[in-house]
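Heads up: the structure comes next, in structure tokens.
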Amino acid sequence: MHKNQDLYHFFKEHSLQLTEDWYDQLDDENEFSVYSSENPAIVKELKQQNQDYFQHLFDVFIKDEEYFFSDFQQWSIELARDPKHLSTPLHFIIREYFNSQKIVVNYLKKFISLHSNEVSVDKIFMWYDIIVKAFDLSIYIFIQEYHKNTQEQLNAQKELINELSSPVIMLQNKVALLPLVGDIGTVKSQFILENTLQQCSEKGVEHLCIDLLGVATIDTMMAQEIFNLVKALRLIGVQTILSGIRPEISQTAIRLGLSFEHVKTTSSLAQALNSIS
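Take 1 as the starting number for the sequence shown in full-length UniProt numbering and just add one per residue.
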């Protein structure tokens, strides 16, 4: 069995020193790393988090492995969600997990040297393996949470970009403008459809100018999405005009067999607005 009260108490007695040893070896000047902070409050919190980690880790030597890893996994998930660590580059975090592991292993060696006549080689390998297993689990959990946090940030940024790139701008007399810019993929087109319908309904828009001057290229899929938007707007009582169709866009539309005959179009935004007034 891996459990050993003497080893557990040895680690507990030296837990504060383990944390100090860990912090003393820190050599991080990267401004994006939480470990480079000289703020006393942050330093204190870092040491406390490291101390808590060690305290939970050492329980492996007094608990059954199954129950330990069940509790340790849940606690590690909460630790991995610390905002300051999630905002630190991942390789710095992994580095400190390995540094902490080295320190724990060094203290394991100290314990073994003090009890060399009482500890078998099999027991030593068992303790080492379970320490590595615990650190591996922590690293795996942190990478999972880091990835999840990164994806959430990317999704939030995409939503913000979509909102900024497809705003319904109120002009006057219930007339609004929707300037489209750049490439419009499937996900973005769906967002534009939903966002435009919602904003036109909320703002009481009766006439909407969809300006395509900032659109670089057009294909069958994009044209179909524009047609779908025009149809959907018509259903809620909004009359639509397409403006800013550049010559190269119109040529591409002809080559692709795209027809805008059921949609009112003008070559410029000014002409579109004049046709409404």
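Glycine included, every Cβ here is placed at the ideal spot set by N, Cα and C.
Buried or exposed: where does residue i fall if 16 or more other Cβ atoms within 10 Å of its Cβ makes it buried?
{"i": "Y244", "result": "Note that residue 244 is Gly in the sequence shown here, rather than Tyr. So G244 ends up on the buried side."}
{"i": "S100", "result": "buried"}
{"i": "N50", "result": "buried"}
{"i": "T196", "result": "buried"}
{"i": "T240", "result": "buried"}
{"i": "E118", "result": "exposed"}
{"i": "Y35", "result": "buried"}
{"i": "E13", "result": "exposed"}
{"i": "L18", "result": "buried"}
{"i": "M222", "result": "buried"}
{"i": "V121", "result": "exposed"}
{"i": "A272", "result": "buried"}
{"i": "S33", "result": "buried"}
{"i": "L177", "result": "buried"}
{"i": "E38", "result": "exposed"}
{"i": "F125", "result": "exposed"}
{"i": "E145", "result": "buried"}
My output table needs one value for residue i: the three-state DSSP class, helix, strand or coil.
{"i": "P89", "result": "coil"}
{"i": "S201", "result": "helix"}
{"i": "I241", "result": "strand"}
{"i": "I210", "result": "strand"}
{"i": "I276", "result": "helix"}
{"i": "A134", "result": "helix"}
{"i": "I141", "result": "helix"}
{"i": "I169", "result": "strand"}
{"i": "I236", "result": "coil"}
{"i": "Y246", "result": "The sequence given here has Arg at residue 246, not Tyr. Correct three-state label for R246: coil."}
{"i": "S268", "result": "coil"}
{"i": "H147", "result": "helix"}
Along the beta strand (DSSP E) that carries residue i, what are the first and last residues, could you check?
{"i": "H9", "result": "Looking at the DSSP string, H9 is not in any beta strand (DSSP E); the run it does join, the alpha helix (DSSP H), is 5–13."}
{"i": "H262", "result": "Note, H262: premise wrong, no beta strand (DSSP E); not H, not E."}
{"i": "P179", "result": "175–181"}
Considering only the alpha carbon of each residue, which of the options lies closest to residue i?
{"i": "residue 314", "options": "Q73, I103, R95, P83", "result": "Outside the displayed span of the chain (1 to 277) sits residue 314, for which this structure offers no information."}
{"i": "E78", "options": "D211, Y53, E65, K133", "result": "Y53"}
{"i": "F10", "options": "K109, S275, V43, I94", "result": "K109"}
{"i": "Q25", "options": "I42, F191, E96", "result": "E96"}
{"i": "K3", "options": "E13, V60, E20", "result": "V60"}
{"i": "F58", "options": "N30, S116, Y128", "result": "Y128"}
{"i": "S15", "options": "L242, Y107, K44, F135", "result": "Y107"}
{"i": "K203", "options": "S189, L212, F135, V238", "result": "V238"}
{"i": "T265", "options": "R246, I143, I130", "result": "R246"}
{"i": "L171", "options": "I226, E194, E65, I276", "result": "I276"}
{"i": "L242", "options": "I254, Y8, A270, L235", "result": "A270"}
{"i": "D211", "options": "E261, M222, L180", "result": "L180"}
{"i": "L193", "options": "I226, H207, W75, F72", "result": "I226"}
{"i": "P167", "options": "L137, F142, I143, C200", "result": "C200"}
{"i": "D219", "options": "L208, V205, V230, G257", "result": "G257"}
{"i": "H147", "options": "P40, I103, E248, P89", "result": "P89"}
{"i": "residue 282", "options": "A41, H262, S250, I62", "result": "Here the chain has residues from 1 to 277 only, and residue 282 is not among them."}
{"i": "V215", "options": "H207, A232, S189", "result": "S189"}
{"i": "D21", "options": "F92, R81, V105, E29", "result": "V105"}
{"i": "L235", "options": "T217, D6, Q198, F260", "result": "Q198"}
{"i": "Q5", "options": "A41, D64, Y23", "result": "D64"}
Please report the residue range of the alpha helix (DSSP H) in which residue i lies.
{"i": "A216", "result": "Premise fails: A216 is in no alpha helix (DSSP H) and is neither H nor E."}
Discussion item. For a minimum of 4 consecutive residues, which ranges assigned as the alpha helix (DSSP H) are wholly contained in the segment 24–65?
Written reply: 40–58
Worksheet item: Which runs of the alpha helix (DSSP H), 4 residues or longer, sit entirely within the segment 69–126?
Response: 83–86, 90–114
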